[in-house]
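Asker: Residue numbers (full-length UniProt numbering): 1 to 244. Backbone N, C-alpha and C fix where the C-beta goes; we use that ideal spot for every residue, glycine too.
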């Protein structure tokens with residue numbers, strides 16, 4: 001939640017009051033002066049004090065889901081099942097949304113939260129958040145493919161992708177499997193990169209998103225709240241003043 005919205009929600013402060021408190025250094029986050037009313041905060045992960053008094057807001061929620069194939073990354077859709085539809089009724093809280101998108105036929109790690117600006121920050125190009133996928137393709141890949149990915153693949157005729165790391169797990173003339181790690185999120189990027197290498201993706205599973213890794217105990221369609229260690233990883237994205 002953005003600091004200004006937090007102050008409105010908890011203390012019903014006017015814009016002028018919020019600006020005055022910030023200018024007078026009366027807002028502290030973990031003992032440090034708040035830098036901007038735009039910065040993202042979480043009062044469960046951080047100690048927020050205003051005029052020396054700690055302020056606590058309603059809980060921010062963070063979930064990890066193993067998104068299954070056939071489900072879309074949307075909050076609501078009249079035709080197709082969404083990732084929100086997979087949640088228990090009590091977990092379908094107001095403002096909950098998926099961070100980033102996996103296309104309908106891609107499965108794997110998906111984070112969901114009701115912390116408004118967090119998804120923007122995690123996906124912002126300045127962060128260079130890496131994602132790793134396990135990929136199965138319908139043909140052979142080799143060291144030439146590895147070198148191609150390392151140089152940067154051209155997709156959509158003239159779009160040069162940033163270098164990506166490709167690790168071949170197994171390969172044959174009819175089917176191969178690999179791990180690919182990249183820091184971009186262009187539309188259908190992984191599938192288009194392999195098409196540029198002459199093979200088609202037949203299975204795609206996201207394993208990691210930044211420092212978050214898919215819980216191996218989760219089955220497709222299952223989810224859980226982030227544990228305390230994972231919630232602490234969120235803190236690095238809360239203090240930066242990226243324009244939202």
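Could you compute how far the alpha carbon of residue 169 sits from the alpha carbon of residue 203?
Answerer: As a working mapping, residue 169 is identified with position 169 in the chain shown. As a working mapping, residue 203 is identified with position 203 in the chain shown. Those two C-alpha atoms are separated by around 14 Å.
Asker: Which same chain residues end up closer than 6 Å to residue 95 when comparing Cβ atoms and leaving out the 5 residues on each side of it in sequence?
Answerer: As a position in the chain shown, residue 95 is number 95, starting the count at 1. Excluding sequence neighbours, residue 95 sits near 114.
Asker: To the nearest angstrom, how far is it from the Cα of residue 257 to the Cα of residue 86?
Answerer: Here the chain covers residues 1 to 244 and nothing more, so residue 257 does not appear.
Asker: Leaving aside the five residues before and after residue 232 along the sequence, list all residues of the same chain whose C-beta is less than 6 Å from its C-beta, in chain order.
Answerer: To locate residue 232, count along the chain shown from 1; it is residue 232. Within the same chain, residue 232 has no close Cβ partners at all.
Asker: Apart from the five residues on each side of it in sequence, which residues of its chain come closer than 8 Å, Cβ to Cβ, to residue 6?
Answerer: Sequence index remark: in the chain shown, residue 6 carries index 6 (1-based). So the qualifying residues of the chain are 41, 43, 48, 55 and 57.
Asker: Going by Cα to Cα distance, which pick from 27, 16 and 23 is closest to residue 3?
Answerer: Counting from 1 along the chain shown, the entry for residue 3 is found at position 3. Among 27, 16 and 23, the Cα nearest to that of residue 3 is on 27.
Asker: With 16 as the cutoff for other CB atoms within 10 Å, does residue 241 come out buried or exposed?
Answerer: As a working note, residue 241 is residue 241 in the chain shown. Confidence at residue 241 is low in this model, with a pLDDT of 49, below 50, so its placement is unreliable and the value that follows should be read with caution. Classification of residue 241: exposed, given that the 10 Å Cβ count is below 16.
Asker: For residue 129, which option in 136, 17, 135 and 120 has the closest C-alpha, if you only look at C-alpha atoms?
Answerer: The residue given as residue 129 occupies position 129 in the chain shown. When each option's Cα is compared against that of residue 129, the closest is 120.
Asker: Can you tell which of 35, 229 and 151 has its C-alpha closest to the C-alpha of residue 213?
Answerer: Within the chain shown, numbered from 1, the residue matching residue 213 stands at position 213. Comparing Cα positions, the closest option is 229.
Asker: Report all residues from its chain with a CB closer than 6 Å to the CB of residue 21; omit the five preceding and five following residues, and keep chain order.
Answerer: On the chain shown, position 21 is the one that residue 21 refers to. Excluding residues within five positions, the ones whose Cβ falls inside 6 Å are 27.
Asker: Would a C-beta distance cut-off of 7 Å place residue 225 and residue 63 closer than the cut-off?
Answerer: Locating residue 225 in the chain shown gives position 225, where the first residue counts as 1. Locating residue 63 in the chain shown gives position 63, where the first residue counts as 1. Yes, they are a contact pair.
Asker: Rank 160, 53 and 1 by C-alpha distance to the C-alpha of residue 36 and give the top, closest one.
Answerer: Indexing the chain shown from 1 puts residue 36 at position 36. It is 1 whose Cα lies nearest to the Cα of residue 36.
Asker: Helix, strand or coil: how does DSSP classify residue 205 here?
Answerer: Mapped onto the chain shown, residue 205 falls at position 205. Looking at residue 205 - three-state DSSP - the assignment turns out to be strand.
Asker: Just to confirm my understanding: we take residue 171, look at its own chain, exclude 5 residues before and 5 after, and list those with CB closer than 6 Å. What are they?
Answerer: Numbered from 1 along the chain shown, position 171 holds the residue referred to as residue 171. Here the set comprises 140 and 141.
Asker: If you drop the 5 nearest sequence neighbours on each side, which residues of the same chain put their C-beta closer than 7 Å to that of residue 18?
Answerer: Working through the chain shown from its first residue, we reach residue 18 at position 18. Closer than 7 Å at Cβ, skipping near neighbours: 4, 7 and 37.
Asker: Can you check DSSP and say which residues form a bridge with residue 89?
Answerer: Reading the chain shown from its first residue, position 89 is the one you call residue 89. Answer is none; residue 89 lacks a bridge partner.
Asker: Pop quiz: residue 177 and residue 161 are said to be a contact at Cβ under 8 Å. What is the actual Cβ separation, rounded to whole angstroms?
Answerer: Taking the chain shown and counting its residues from 1, one reaches residue 177 at position 177. Taking the chain shown and counting its residues from 1, one reaches residue 161 at position 161. About 21 Å separates the two Cβ atoms, so there is no contact after all.
Asker: For residue 236, count the other beta carbons within 10 Å of its own beta carbon; 16 or more makes it buried, fewer makes it exposed. Which is it?
Answerer: Position 236 of the chain shown, counting from 1, holds the residue named residue 236. It is exposed - the Cβ of residue 236 has fewer than 16 other Cβ atoms within 10 Å.
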